[in-house]
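Residue numbers (our numbering), protein chains in the order written: chain A, 8 to 131; chain B, 8 to 131. For glycine and all other residues, C-beta sits at the position ideal for the given N, C-alpha and C. One structure is given below, encoded as C-alpha cells.
Protein chains: 2
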Amino acid sequence: MKRRSTPAKKAVIELLKSSGTALSQEMIEAQITEKMDRVTIYRVLNSFCEDGITHRILSDEGKYYFALCSGCEEDKHNHEHFHFRCLECQKVECLPQPVIVNLPEGYIQGNTTGWVTGYCNNCN
Amino acid sequence: MKRRSTPAKKAVIELLKSSGTALSQEMIEAQITEKMDRVTIYRVLNSFCEDGITHRILSDEGKYYFALCSGCEEDKHNHEHFHFRCLECQKVECLPQPVIVNLPEGYIQGNTTGWVTGYCNNCN
DNA sequence: GTATTATTGCAATATAATTGCATTAGTAAA
DNA sequence: TTTACTAATGCAATTATATTGCAATAATAC
Ligand SMILES: [Mn+2]
Ligand SMILES: [Mn+2]
Ligand SMILES: [Zn+2]
Ligand SMILES: [Zn+2]
C-alpha cells in the first residue's frame, strides 16, 4: 500500500481541475470548502508532485504555485514552459510556449524556467 | 543630500565588480573582508537596486541574487535576460539572451524572467 | 473485524528577508 | 573647523513561506 485516497486529496485535485489554473497553498486554503490544515495542503500538493500529477513553480514573488500536469507521460515529464501571472486577478497559468535558451560554449544545460507577468484577457 | 558613500557600499560594489557574477547576500557575507552586518548587506544591495546600479532576481531555489546593471540607461532599464546558475560551483550569471514570450490574445505583457540551471564551462 | 501504516492536525522549526530603534558617522552649511 | 542634519549601521525582533516532529486518526489489505 502506497498512497491512500482521502477527502483532502480529492478536494485539492478537484479544485485544481475546476480552476484550470496554477494555485498556491494560500489560494487553495481560501477557496476550498473541505476543512483541512494548511500543512495538509502543502503535503498533499507535494505528494502530487512526487507522483507526477502536478508540478511546482516558484514565482517571482516568492510563492510556490502548483499546476496539474498535462501532456506529461509517466516517466517523461516536461514542465519547461512559461508561466503567466496576472497582476490584477493574481491568476497564474501555464503557457504552451516552451522556455528555450542557448548557453555559452562549454556549458551544459539543466532545467529552465520562465515567468511573465502582466494582465490577462479578463483584467485587460 | 540623498545617498552617502560608505565603506560598506564601496566594498559591496567592488566585490560585485571583481566577481563579474551575480551574488546573493550569503555569498557576499562569505567573501567580503569589510566587517558588516547581514542586514547592512541587504540594505546596501536594495539601495543599489533603487538607484538602478544593480538588479535583483529571485532564483528557483528561493534566494535573491544581485547583479550589476550593464547596458542599462538612466531611466531605461532592461533586465529581461536569462540568468544561469551552476549546480556545481553555484555561480550565477546574467546571460545576454533576452527572455521572449508570446502571450495569448488579449493579454498584456509586463515583465519577464528566465532561469537556466546546469554546469558552467569550468565545472563541466 | 483487525492489523498496518499512510495521512492528518497542531506546535515547533527552518530559511530568507525586512523592520524598529537607538547609535554612529557622512556631508553640507556656518 | 565646528556644528547640525539625517543617511547609514548594528542588533534584536518580526514577517513571510514552507517544512518537520509527533501523537492521533483513518484508509486499506487481509
Ligand atoms: Mn508534468
Ligand atoms: Mn539594470
Ligand atoms: Zn487577471
Ligand atoms: Zn560552475
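Of all residues in the segment 97-117 of chain B, those with a C-beta nearer than 8 Å to a C-beta of chain A are Leu102, Gln104, Val106, Val108, Asn109, Leu110, Pro111, Glu112, Gly113, Tyr114, Ile115, Gln116, Gly117, reading in chain order. Residue-level contact check: A/Phe91 touches chain B, since one or more beta carbons of chain B fall below 9 Å from its beta carbon. For A/Gln104, the three-state secondary structure derived from DSSP is strand. Proximity of the beta carbon of A/Cys127 to ligand 3 is indicated: a heavy atom of the ligand is located closer than 8 Å.
Residues of the segment 68-87 of chain A that bring their beta carbon within less than 7 Å of a beta carbon in chain B comprise Gly69, in sequence order.
Here the segment 14-21 of chain A lies against the segment 45-56 of chain A, with 3 or more beta-carbon pairs under 8 Å apart. In the DSSP annotation of this structure, B/Tyr126 is not part of any alpha helix (DSSP H); the continuous beta strand (DSSP E) holding it starts and ends at 115-126. In this chain, the alpha helix (DSSP H) harbouring B/Thr47 covers 45-57.
Taking A/Arg11 as reference, the option from A/Ile39, A/Val51, A/Ala74 with the minimal CA-CA separation is A/Val51. For the C-beta of A/Asn131, the chain B residues within less than 8 Å are, from N- to C-terminus, Gly113, Tyr114, Ile115. The alpha-carbon separation between A/Cys79 and A/Ala29 amounts to approximately 16 Å. Between the beta-carbon of B/Val108 and that of A/Phe89 there is about 5 Å, and that keeps the pair under the 8 Å contact cut. For the pair of segments examined, the segment 39-49 of chain B was found not to touch the segment 108-126 of chain B: the number of CB pairs separated by less than 8 Å stays below three.
Under the 10 Å beta carbon count, B/His84 is surrounded by fewer than 16 other beta carbons and is classified as exposed. Contacts with chain A at 9 Å (Cβ-Cβ) do not include B/Asn53. Per DSSP, reduced to three states, the secondary structure at A/Leu110 is coil, with no helix or strand assignment.
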